[in-house]
Every structure is written in C-alpha cells, then in structure tokens.
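When the letters of the sequence shown are read in order and numbered with the working numbering, they come out as residues 27 to 180.
Built from N, CA and C at the ideal position, the CB exists for glycine as well.
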Amino acid sequence: MNLPNFDSRNKRIVICASASCYRQALDAADVLTSRGYAATVPKVAARMREIGDYRVETYKTWFQNPDDYSMKNDYVLSHFREIAEGDAVLVVNEPKNEVAGYIGGAVLMEMAIALYLGKPIFLLHPPAEQSPYLEEILAMQPMVLDGDLTKLSL
Numbered sequence: 027m028n029l030p031n032f033d034s035r036n037k038r039i040v041i042c043a044s045a046s047c048y049r050q051a052l053d054a055a056d057v058l059t060s061r062g063y064a065a066t067v068p069k070v071a072a073r074m075r076e077i078g079d080y081r082v083e084t085y086k087t088w089f090q091n092p093d094d095y096s097m098k099n100d101y102v103l104s105h106f107r108e109i110a111e112g113d114a115v116l117v118v119n120e121p122k123n124e125v126a127g128y129i130g131g132a133v134l135m136e137m138a139i140a141l142y143l144g145k146p147i148f149l150l151h152p153p154a155e156q157s158p159y160l161e162e163i164l165a166m167q168p169m170v171l172d173g174d175l176t177k178l179s180l
C-alpha cells in the first residue's frame with residue numbers, strides 16, 4: 027500500500043482551548059492555515075466566529091438547563107474524534123482568571139486523548155506553575171512554543 031507523502035499542507039492540527047480563549051484559538055487557526063496546515067477548532071469556536079458572539083454564557087446553556095449537558099457531551103466526544111483524526115494537538119492556553127498558561131479539566135482530557143493516541147502535543151504558553159494538573163501536564167511532555175506559533179513544526 028502506498029502512503030501519501032505528508033508535509034505541512036496536509037498535516038492537521040487540532041486546537042484545544044478553554045471556551046473563554048476561543049477567539050485566540052481562532053486566531054491561532056488562521057496563523058496555522060497561513061503556514062499551510064489544516065487547523066481544526068472546537069465546534070463552539072467555529073460557531074462563535076460564524077455568528078460573531080464570543081460570550082461563553084451564550085453557549086454554555088447547561089448551567090441553566092441541566093438537560094443540555096447532553097450537548098456538552100456531544101461537543102466533548104466530537105472533539106475527541108477530531109483529535110483522533112488529526113496529526114497533532116495545539117493547546118491555546120491563554121490566561122484565565124488571572125492564571126497565566128491556564129489549562130482546565132476539559133483541555134486536560136483532550137491532551138490525555140492525544141497522549142494515548144501518540145499525537146504530538148504543543149502548548150502555546152508554558153503551563154501554570156500553580157495548576158493542580160501540572161504533574162500530569164508535564165508528564166505528557168508537551169512542546170512549549172513560548173507564544174510563537176512559528177516554532178510549531180511537524
């Protein structure tokens with residue numbers, strides 16, 4: 027069986043981020059696309075751009091309506107599938123709640139999926155030293171880009 031030759035034009039980077047950082051995740055996707063990569067963002071991030079509403083509370087309806095947690099489940103599983111189909115993961119870990127390099131529980135789960143599947147993991151910024159997950163994040167041996175997407179190379 028002949029396998030295609032891969033270069034940046036057909037390498038797919040799956041972007042993971044907290045919902046509060048989706049605008050920055052979309053900006054990162056634009057940069058990666060301009061560098062020849064295919065970039066996949068979470069479905070809610072794409073929807074935010076589509077309708078021009080970046081307020082997280084618009085989309086996280088499950089806090090007011092617990093029946094909507096099934097929608098959150100669908101988002102999580104959908105992004106896991108994207109990670110499985112991608113070539114690498116980029117975590118856009120912008121500051122959140124005055125914590126630089128923030129990585130929350132959902133992104134940690136996405137990183138764990140990538141680790142399990144043998145996908146390279148890139149962090150846009152160093153992880154927060156005060157993160158309760160720092161040990162697990164460092165054990166995944168992510169490549170830290172120090173805010174410079176030109177350092178990402180597959």
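May I ask which residues mark the beginning and end of the beta strand (DSSP E) holding residue i?
{"i": "VAL67", "result": "Looking at the DSSP string, VAL67 is not in any beta strand (DSSP E), and its letter there is neither H nor E."}
{"i": "VAL40", "result": "38 to 42"}
Go ahead and label residue i buried or exposed: buried means 16 or more other beta carbons lie within 10 angstroms of its beta carbon, across all protein chains shown.
{"i": "PRO158", "result": "exposed"}
{"i": "TYR128", "result": "buried"}
{"i": "GLY112", "result": "buried"}
{"i": "ALA110", "result": "exposed"}
On the DSSP bridge assignment, give the partners of residue i in chain order.
{"i": "PHE148", "result": "LEU116 and MET169"}
{"i": "LYS122", "result": "VAL125"}
What is the residue span of the alpha helix (DSSP H) that residue i lies within?
{"i": "ILE139", "result": "131 to 142"}
{"i": "MET98", "result": "A small fix is needed here, since residue 98 is Lys in this sequence, not Met. 95 to 111 is the extent of the alpha helix (DSSP H) around LYS98."}
{"i": "ASP53", "result": "48 to 60"}
{"i": "TYR85", "result": "82 to 85"}
Taking 7 Å as the limit between beta carbons, can you name the residues of its chain near residue i, skipping five residues before and five after?
{"i": "GLU108", "result": "VAL40 and THR66"}
Given residue i, which residues of its chain have a CB within under 6 Å of its CB, disregarding the five upstream and five downstream residues?
{"i": "SER46", "result": "VAL82 and LYS122"}
{"i": "ALA64", "result": "ARG38"}
Going along the chain, which residues of its own chain have a beta-carbon closer than 8 Å to the beta-carbon of residue i, five neighbours each way excluded?
{"i": "GLN156", "result": "VAL125"}
Taking the C-alpha atoms as reference points, what is the distance between residue i and residue j?
{"i": "ARG61", "j": "LEU180", "result": "12 Å"}
{"i": "TYR43", "j": "VAL117", "result": "For the sequence presented, residue 43 should be read as Ala rather than Tyr. If I take the Cα positions, the gap works out to 6 Å."}
{"i": "ASN31", "j": "PHE89", "result": "With a pLDDT of only 45 at ASN31, under the threshold of 50, the placement of this residue in the model should not be trusted; the figure read from the coordinates follows. Taking the straight line from one Cα to the other gives about 46 Å."}
{"i": "LYS177", "j": "VAL133", "result": "21 Å"}
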